[in-house]
Every structure is written in C-alpha cells, then in structure tokens.
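Counting with our numbering, you get residues 1240 to 2390 for the letters of the sequence shown.
Backbone N, C-alpha and C fix where the C-beta goes; we use that ideal spot for every residue, glycine too.
These figures come from a predicted structure and were not determined experimentally.
A quick write-up on the structure given underneath.
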Amino acid sequence: MAEQIPLYPVRSAAALAAANRKRAAYFSAAGPGLGADRPSRYQLEDESAHLDEMPLMMSEEGFENDESDYHTLPRARITRRKRGLEWFVCGGWKFLCTSCCDWLINICQRKRELKARTVWLGCPEKCEEKHPRNSIKNQKYNIFTFIPGVLYEQFKFFLNLYFLIVSCSQFVPALKIGYLYTYWAPLGFVLAVTIMREAVDEFRRFQRDKEVNSQLYSKLTVRGKVQVKSSDIQVGDLIIVEKNQRIPSDMVFLRTSEKAGSCFIRTDQLDGETDWKLKVAVSCTQRLPALGDLFSINAYVYAQKPQLDIHSFEGTFTREDSDPPVHESLSIENTLWASTVVASGTVIGVVIYTGKETRSVMNTSNPKNKVGLLDLELNQLTKALFLALVALSVVMVTLQGFAGPWYRSLFRFLLLFSYIIPISLRVNLDMGKAAYGWMIMKDENIPGTVVRTSTIPEELGRLVYLLTDKTGTLTQNEMVFKRLHLGTVSYGTDTMDEIQNHLVNAYAQMQCQAGGSSTASTPPRKAQSSAPKVRRSVSSRVHEAVKAVALCHNVTPVYEACGMAGETEVAEADQDFSDDNRTYQASSPDEVALVRWTESVGLTLVSRDLTSMQLRTPSGQILTYCILQTFPFTSESKRMGVIVRDESTAEITFYMKGADVAMASIVQYNDWLEEECGNMAREGLRTLVVAKRALTEEQYQDFESRYNQAKLSLHDRTLKVAAVVESLEREMELLCLTGVEDQLQADVRPTLEMLRNAGIKIWMLTGDKLETATCIAKSSHLVSRTQDTHVFRPVTSRGEAHLELNAFRRKHDCALVISGDSLEVRLACPRPVHLSSLEVCLKYYEHEFVELACQCPAVVCCRCSPTQKAHIVKLLQQHTGRRTCAIGDGGNDVSMIQAADCGIGIEGKEGRQASLAADFSITRFKHVGRLLMVHGRSSYKRSAALGQFVMHRGLIISTMQAVFSSVFYFASVPLYQGFLMVGYATVYTMFPVFSLVLDQDVKPEMAMLYPELYKDLTKGRSLSFKTFLVWVLVSIYQGGILMFGALVLFESEFVHVVAISFTALVLTELLMVALTVRTWHWLMVVAELLSLGCYVASLAFLNEYFDVAFITTVTFVWKVSAITVVSCLPLYVLKYLKRKLSPPSYSKLSS
C-alpha cells in the first residue's frame, strides 16, 4: 500500500517530476540496479534503507527549496576519522584500555541468557533451570572488595595518587626531605575520613537490604502454610500476600479472598502512579472450592522471558488433568509485579520471576559514584601544576649542570616543590562540602531538606538541564471538578447547588411518574433516537448529564471493614454504604474526581462489581444498572465507553466519554463544543466530552454477536473489535462537557519561571498519558499559553521518523511533546516488534533528535518507562556534556535520579524510595529554587575560591623555595623544615582560608530575586584556566617579593632570613584572605585574629627555627612590615581599580 499513500499531495506535477528525476539519479549513483528491478510497492522500504546516505542536517539550508524531503536533504557534517598514531594519541589508548577491561569483566561475569519458562504450581523442584535468589542487594561492595574498592575510587584521581607517591618516597633515606608525619598525617586523615564515610553509607544500605529481605511471607505447601523469608522465595512457590503487604516477587494472580475474583494493588513504587490498579485472578483457579485444591490439580504457567516492559505480559495457564485440558490466556491484568502493594483482600500467586529477573529490579540501574564537575576541573589543574613542577625541577637540575647523581637531585627538587600541589586541597574541599551540606539542612526556608550525598553540593550551581517527573512532583495528583457545560448553560464551582436542585427535582418528578403508572405494567420504552426530538427542560438535561458521568467510568467504591475486633472482612450485605466509610479507586484520578463530584450533587456510586453497579439518588433510592460491555480507555482511541441496562426500565444505553478530538466526529452536529473546549483548555482544565446513544434490545443483540465474534478472531483482532465498536459510535447525543483541574504543587509556576530565567532548560518525563502531560505542561507554564507545541506523531519506521524530524525542524521556538509508549510495529519481520516513537528516533537518528530537542524551550516525554527516563538523562550527558539534574518522588524515578549528575528526591505520597536514592531530599518542589539559586550558587563560588586560594598558598611557598635554591647555587635544601611547614598549612593559615566557605557575593534574597546571576555559573568562569593563571602570577609575584626582600634586608645570620620571610609569608596570607572576602562574617574576623594570635604565641617555642632576641627588635618589625606592604598593596590597588572600572554583575546589585 505504500505506493498509494500520497506523501505530498499539494506539490505541483513539475515539482514531483523533478523530485522523481533526483530520486532516479540518486539510486543510480548509489549502485547499479539499486531498486530498479523491484516492484513499486517496496520503493518506500528501499528509500528508508538508504537513509544513511541522506542524514538529517541541523541547518536551514535544506529547507529553502521546494524539493522532496527525502532527496534534497543536505549532507551532514562529516568529520575526518583519525587514523593510526593520531587516533591512538587522541584518546584511542583510553578506548582500547576500556574495551579490554570490559571484555575481561564480561568473561568473568558472563550474564545468563534470559529464556521463557514453564512454572508448575507449587513445585519449585520441577524448574528446569536455576533462577536467581529473590534477594535485594543495593550495596556497592562486599567484605572483601570494600577496602580495595574505596582505595581505587580515591587513587584513580591524579591528585591523590600524586600524594601517595610523594609520601612513599620519604621512606627512601636519600630522598627524605622532612619528617614523615608532614606527608603521611594529611594523607592518612583524608583516607580515614573517606573510608569511615563510605563504611557508614555501606552499613546503612546493608541494613535496609536486610530489612526487606527478612520480611516474612506465608507459603502454601501440601502440609499447609509455612513462614518463609522474602529472600528464600523460589520460582514455582505459591505465596499468600495479605492486604497492605508488599509483593515480594513477580507472580501470576491465582486466587483472592474477594468474591468478585479481582483485587486492587498500589503500583506507586513501580510506575509512579498513585491510582490503584485492578487485577483479575485466573478464572480456573479462582473457581476451585478451597485453597488446598491448588495442589490437587496438575497445572502450569508458561511465562515469556523476563523483560523490561512493566505494562505488558504474555503467557498461558494450562490445566492438564481436566477433560479437555483447560487453556487460559494470561495478560498484564493477571500479574502481580514485585514492589507493588496489595490494597484489597488477600491474594495467592505463583512466583514466575525472582531477584534480578523481576520487572522492578530490571528497571532499576545500579547506583554510580558521582563526581562533581568542580572536582574534575581541579584534577585537570593539578595535572597542569604537576607539569609545571616537573619543568621547574628540570630547569634547576639543568642550571646545576647535571653535576653528580643528577637524577637524585631531580627527585629531591620534585619533593621540595611538591607543595605546588598541596595535599590540604582535598582536606579543605571535603570539609567545605560537609559545611555546605550542614548549611543546606539548617536552612529554615527549606525545612526537611536532607543531603544524602555530601560530595557534590557544588553540582547544584552548575546545572543546565532539569528533568522532572510530573505526578506528585509538579502536581499534587489531586483532581478537582471545576466546570460542567451543557451547551446553553455553564455551571462552575459556585453554582453547583443549582445542579443539586435540578437533580432533586428530576428524581422527584420521576418518582411521581413511577407512582402514577405503577398500577399498569408498562413495557420498556423504545430507543429515544426513534422518538421525535422535543426540547427538554434544563432539569432533565442536567439529570441526563450527571447520570452519564455517574455511570460512564471504571471506578470502584471500596469500603473499609468496620466490624468487631478480629474481623477481617465484612459481608457485602452487612456493609453500610455511609459516605465516611467509602473510598473510590480507579486507574485514573480524573474519573475519581468525576464520581466524587456526582456524589457531591446527590447521585452517589455505592457499589460496583464486574457485572453491575448501583447508584443512590438524592432521596435515598437505590438504582441498579447491569454492565453489559465496557470499552476501556486507550491512547489510540482517546475515549472509553460502557453499555448498561437499567434494571427498573430495561432500557439499554451506550455511554461514551473522551477527548474532544476523538468525540467531535462521533457526536451530532453542534456549534459550541470546539469553542468551549478551547476556553476550558486555556484555563488549564482537562476536558472530557460525554455523549450517549439509546439502543433497542435487537440493536444490542446484533452488536453483541458481532463483538464476540471479533474477539475470537485470531488475525487482526484489535482492528476487528475496534471496527465493531465504531459501528455504535454514530450520531451520539452530546450531553455535556466536563472540566477537571489537576492541582499543582504550591508555587510551581514561579519556581519554573525562576529556573528558566536562570538559564536552566526543563524537560518533563512522565509515565502519564499524552493529553494529561500536555495539559499540565501548559497549566504549570512549563509551556507558555502563546507557545506552539509540536506533538511528535507516532512513527513506526525509519522513513516515517525521517519525515517527522524534518517537519519538526521547520518549526521555531516550539515545545516538543513525544511519547515513549510501546506501539506494536512490524518492521520487515514476521513477528511484531515493540518500539515507540522515541525509541525509533533514538535508534536511527539519535544525534539529530537530541540536537533538535535541546534547541526547544521545553520538552515533554510522556508514557516513559523508568529505563527510558534514565536513558534520556544519559543521552543529554553524552551529547551536550552539560550537567543534568533529575527530580522525582516515586520508585519509578529512581533510575533517572541515579543516572543524573545530581538527583533530587521529593518525599511525597508515592513513598520515600526516590528520596532515599537521591543525592538531595526535599519536601516541596518549590524548594528547588532556593536549593539551586542560593545554596548551589554559593557552594560552587565558595569552593572555586577556596580551591584556588589553597593552590595559591602552595604556589607562593614553592616560589620562595625556588628563589632560595637559585640564590644558594641550586642546592636541593629545604627553606623551611619540620613544624614550620606543617604549621603553615594548618594552625597559621587554615582557619582564615577555610572561613572562605562563609563568604557570599550577594544576599540570598538577591540571588532569588535575580536568577540571571545563576546563568553565569554554567560557563565555569569562577574556576577556569584564566582565573587559575591570574592566581599563579599573583603567587609568583608575592613569593618573589617575600624571598628577595628577606635576602636583601637580612644582615648577618641565615636564621634571620627564615624569621623575616616566614613571618611576612603568614601575614601576607592573612591579608590575602581579607582581600578575597566579599562579605565579612564575624567568624572570619575571629579566624584571622585566632591565627595571628597562634603564630605570635608560638614564636616563643620555636627556638630552633627563630632567634627570639632578633624577632623582638624594632628592626625585625619594620623589615617584615615593609616586605608585607610591598607584596600586598599593589593587589589591593588593582582590586579597587577593577571594581571601579569593570564591576562584576553581583556588585551592581549589592550596591
């Protein structure tokens, strides 16, 4: 049929002819006979097969002309592939090493191939293969790999490895420079803190895993019930799960204590949806008289191999000991996935997947050790410093003339100048990270915030992409009915009492009519469609609309047992249908909101099972309706319907509700539906069109026979069933239009606006339906009212994806909406392949799709599985190289949170699984604004200043050592020894330098008011090679002044040089801290005075380094003062001139 589909019917004949000529020329150039001898029906497949030769182009050039999309796409940018030595030097060595390591790991840990299985009921010993244990393991290490693993994570960074080598060198007598403790004490402190922190985290993970694996469950055996631990459950076991108990493994649902043969489960930790799901037991086992009869039958379940998809399942149930054997098809409604919770009744299931093969574990990625971008940048700077260190040492040895054992002198110079890379850098940064975490948790403006990963607070200040969940994150997941429109009259929240009055009048009138005609037996009325149309009263129209809303749904009222103590269940007849005792459950919160609204106006749903439902009128009368057929909502049909029979009148009515785009062509002609739907959508309401059609008994019997025949069809069953249902969907009577609002979390709109102004691009990844996701995106102002949205149409092949991407490319400043749900696609293979629009695009056009999506102001991905969410995060990281943040509140968001550079979990209705797996846990979405704008920004700027200042502290003393060695004939002798070096890095300068973690350029209120300040941070200007070079030049200048000044001003003894230069060095560092500070804190002043006091007090005890008589003279004081002023005054003058001539953006705000 491909040749019959007109791709571009609006093109002129000349344009088409030109396109065909280009097509022929292209295929002739591609190869002899390519597509020439094939039938025309395969032409489209040939073209899509060669789309590699015509990749998408990310520029406008290809869309200026009027040629065919397929054949005028310009060539993509083709980069020259590096070969040989050039490839090896430019990263090829790293690729080879990684490939070899992966190969070795795969050899050692070869994954077992997943296969379909036959599971016999209650007979685990009959399993043909060995299946994994049903234990949860979130630990990174075991008792043997803990120490090696932690040490590897530390020493894989160049900074730590360098410190280790330098410290080990001090065991060699010829290379020994100073005391061992000056090198090993700082390194040991860093390692001890790291190991302790990892040990505590690992122990907590072990305790959480042990708690879950030790949960007890009832296992059904031939001898009765026995208690087993969750970790001891095997494939084939019959497990009993009580109400409110977690399901321990993937099971097929066999029996339930509920009379209807069905139960509800909560899936919020699996798919993020808080609505309960209805599950149906296998009818063959549900009909058995007693529980023990499960062992008296010979039955097995055939289950497909373990898969990622949580929304589908294919299997069969077979009972062999009956005549004939019973075969029952199994689908997703017969399954109980692990990590879900039983919400009603007691269920019995047979285990089919355990441990690593369960859907929940397969959709959860392993946690990774997250390293901040600032740490990676500092690692690069330390490599540059190491090169400078080696170069300086080589210069010294060269100027020595390579005299004697020059290699020993070279190594000694490397050790002498090793303070260029200070080990205190790691200590200060780690302590700073801990301080930032403490400040975040103590912030009263974001109460309840918890920092779970203390190593990456600076990441909060470098984010470019924020990927957020919808349900429970942006919204409260609480639907509220807002509007009912009947065409000529509209009712809002303030006029609901009028609807109530109309409903009371309508039912009172019906009771009078029923009372008057009770003496005569009246046959059932004919269908209304055959009666003449008369203008009905407003009361009757309101009554019909409310009744339709109360009947057309899949909501089930649930009553809590309120009997005597010890009673677990109450008979349905004995239950009271009181409003306080009833809750509603459905697969969609929209439907619950509609049924609650009908209850509020007087028409209450009091009971429902698979075959009937009961409504209570305002007067207390119970109306019973028999459910003849139910047509559930699907993403393709965008509507749901129900056929019911009124038990009192025997009238059969077909009710339907759905999206306006689907219902507009079904209902009778009207002139108001489209306009009112647009009005409600602009208010952020989710609209549903409700319609009905009355059926005669003959019409329904004819439909039922055709419908049952279509359901038994083996080929194209879905299409045939849809065609039969569509035969009813004609000229339906339009009853009303409803508007429901999904309430947003508090301050979601201003928070999203703030994040956008800060330069952060926001993507919404949700498992919800496309229409719902689009509506929330607009109501939350993620997509502005005036902004166009491009809904990426379902594509099933490479050619369709190619055309759709080109269509999307033409649109500018347009938000993208794409679906990730599985469509059954046939791609040149006999069996259906499940691929979504998102997966098709990523399979063939990954780079082009991500590049186009990144240009959009907002992106909405709906019907995403947990794995797809994590995949999107990784794609953004790979293709953009920018920092990503994922935020969610459900178990289905864990993979996304762990994959992102920074994960934020919200403690909400969907449990604490996301918050426990996240790096940062918050209680409200609005707290994200302050977390990023204030704490993220401050953490990054403080750490950048702290890191560079610690490097400056090492560079200045190394410069002085270089000057000293140069003056004294390039001798590899240390300038300062023993305690002076340790004291310089700790007691004398540590407190003032570390007090930089309290510095701030603007007040928190100003940072929240002007989020544009955050945008500068993503460019990394606070810590770059440019700022680093400035600090290097400052260090060389000050180190040179201090050393040369001391050498020029000293008179007789060398010890005076040490005293003058070291004192001036300490004072210079204290003054430089004061120069760096932008906003003074009282603790900074205390730190400055404390350090100065410590140094002055210690002079009395440092007799072996200083001449006490000399340092108490006026000469010492003026010489030290003169050198200090010369080293610091020019920098103060330069800073003043820079602030006057070129002030930074924050200084303009603070002034």
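Next item on the list: Examine the ligand MG and report whether any of its heavy atoms sits within less than 7 Å of the Cβ of valine 2098.
Entry: As for the ligand MG, it is missing from this structure, which has no ligand bound.
Notebook entry, point to check: So what's asparagine 1716 in DSSP terms, helix, strand or just coil?
Noted result: Note: asparagine 1716 maps to strand in three-state DSSP.
Next item on the list: Taking all protein chains shown into account, decide if isoleucine 1738 is buried (16 or more other Cβ within 10 angstroms of its Cβ) or exposed.
Entry: buried
Note to self: valine 1580 and glutamine 1484 - do their beta-carbons sit closer together than 8 Å?
What the structure shows: yes
Next item on the list: Out of Val1777, Ala1577 and Trp1576, point me to the one whose CA is closest to histidine 1724's CA.
Entry: Val1777
Item checked: Beta-carbon proximity check, phenylalanine 2031 vs isoleucine 1662, cutoff 8 Å -> no
Note to self: If we require 3 or more residues per run, which beta strand (DSSP E) segments fall completely within the segment 1350 to 1379?
What the structure shows: 1356 to 1359
Next item on the list: Would you mind giving the Cβ-Cβ distance between leucine 1833 and histidine 1782, rounded to the nearest angstrom? I have them listed as a contact below 8 Å.
Entry: Going by Cβ atoms, the distance from leucine 1833 to histidine 1782 rounds to 16 Å, so no, they are not a contact pair.
Notebook entry, point to check: Got a sec, what are the start and stop residues for the beta strand (DSSP E) glutamine 1853 sits in?
Noted result: 1851 to 1855
Note to self: Taking the alpha carbon of isoleucine 2161 as the reference point, which residue from Ser2178, Ile2143 and Gln1748 has its own alpha carbon closest?
What the structure shows: Ile2143
Check: If you count every other CB in all the chains shown that lies within 10 Å of the CB of asparagine 1608, and 16 or more means buried, which is it?
Finding: Exposed.
Checklist line | Opening and closing residue of the beta strand (DSSP E) in which phenylalanine 1492 lies | finding: 1489 to 1495
Check: Helix or strand or just coil, what does DSSP make of arginine 1764?
Finding: At arginine 1764 the pLDDT is 43, less than 50, meaning the model places this residue with poor confidence; the figure from the coordinates comes in the next sentence. Reduced to three states, the DSSP call for arginine 1764 is coil.
Next item on the list: Would you mind sorting glycine 1270 into buried or exposed? The rule is 16 or more other CB atoms within 10 Å of its CB.
Entry: With a pLDDT of 43 at glycine 1270, under the threshold of 50, the modelled position of that residue is not reliable, and no figure is offered here.
Notebook entry, point to check: Count the other CB atoms within 10 Å of the CB of lysine 1709; is the residue buried (16 or more) or exposed (fewer)?
Noted result: Burial is judged here by how many other beta carbons sit within 10 angstroms of a residue's own beta carbon; lysine 1709 has at least 16 and is buried.
Item checked: Between the CA atoms of glycine 1611 and valine 1694 - distance to the nearest angstrom -> It should be noted that the sequence gives threonine, not valine, for residue 1694. Rounded to the nearest angstrom, the two C-alpha atoms are 7 Å apart.
Item checked: Proximal residues to tyrosine 1592 (C-beta, below 6 Å), its chain only, five neighbours per side dropped -> Asp1489 and Pro1545
Next item on the list: Specify the secondary structure class of arginine 1945 as computed by DSSP and reduced to three states.
Entry: helix
Notebook entry, point to check: In whole angstroms, what separates the C-alpha of threonine 1727 from that of glutamine 1982?
Noted result: 28 Å
Margin query: I need the boundaries of the alpha helix (DSSP H) containing leucine 1826, first residue and last residue.
Written below: Checking the sequence, you will find serine at residue 1826 rather than leucine. No alpha helix (DSSP H) contains serine 1826, which DSSP labels as neither H nor E.
Check: Using 8 Å as the threshold, is the segment 1443 to 1452 in touch with the segment 1396 to 1414, meaning 3 or more CB pairs across them?
Finding: Proximity of the segment 1443 to 1452 to the segment 1396 to 1414 falls short of the contact definition, fewer than three beta-carbon pairs being nearer than 8 Å.
Notebook entry, point to check: On the premise that leucine 1615 lies in contact with serine 2182, defined as a C-beta separation below 8 Å, what is that separation, rounded to the nearest angstrom?
Noted result: Contact doesn't hold; Cβ gap of about 13 Å is too wide.
Notebook entry, point to check: Taking the DSSP output, what are the residues bridged to proline 1696?
Noted result: Proline 1696 pairs with nothing; no bridge assigned.
Note to self: Restricting to Cα atoms, I'd like to know which of Lys1672, Val1929, Gly1463 and Tyr1946 is closest to glutamate 2419.
What the structure shows: Examination of residue 2419 is not possible in this model, given that the chain is present from 1240 through 2390 alone.
Next item on the list: State the Cα-Cα distance for the pair phenylalanine 2209 and alanine 1413, rounded to the nearest angstrom.
Entry: Those two C-alpha atoms are separated by around 18 Å.
Next item on the list: Could you pull out every residue in the same chain whose Cβ sits closer than 6 Å to the Cβ of alanine 1787, ignoring the five residues on either side in sequence?
Entry: Tyr1894, Val1929, Lys1931 and Leu1974
Next item on the list: Within 10 angstroms of the Cβ of valine 1411, are there 16 or more other Cβ atoms? Answer buried if so, exposed if not.
Entry: Label assigned to valine 1411: exposed.
Notebook entry, point to check: When DSSP labels each residue in this structure, what does isoleucine 1536 get in the three-state scheme?
Noted result: coil
Checklist line | Cα-Cα separation between threonine 1734 and histidine 2020, rounded to whole angstroms | finding: Rounded to the nearest whole angstrom, the C-alpha separation of threonine 1734 and histidine 2020 is 28 Å.
Check: Just the Cα atoms here: how many angstroms apart are arginine 1372 and lysine 1595?
Finding: 8 Å
Note to self: Given this structure, state the Cα-to-Cα distance separating glutamine 1454 from glycine 1500, to the nearest angstrom.
What the structure shows: 27 Å
Note to self: Using CA atoms only, rank isn't needed, just tell me which of Tyr1541, Thr1524 and Ala1542 is closest to serine 1535.
What the structure shows: Thr1524
Margin query: Which of the three DSSP states is assigned to tyrosine 2223 in this structure?
Written below: helix
Notebook entry, point to check: Cα separation between glutamate 1799 and cysteine 1502?
Noted result: 14 Å
Margin query: Can you look up arginine 2122 in the DSSP assignment and give me helix, strand or coil?
Written below: strand
Checklist line | Classification of proline 1871 by the beta-carbon crowding that lies within 10 angstroms, buried from 16 upward | finding: Under this definition proline 1871 is an exposed residue.
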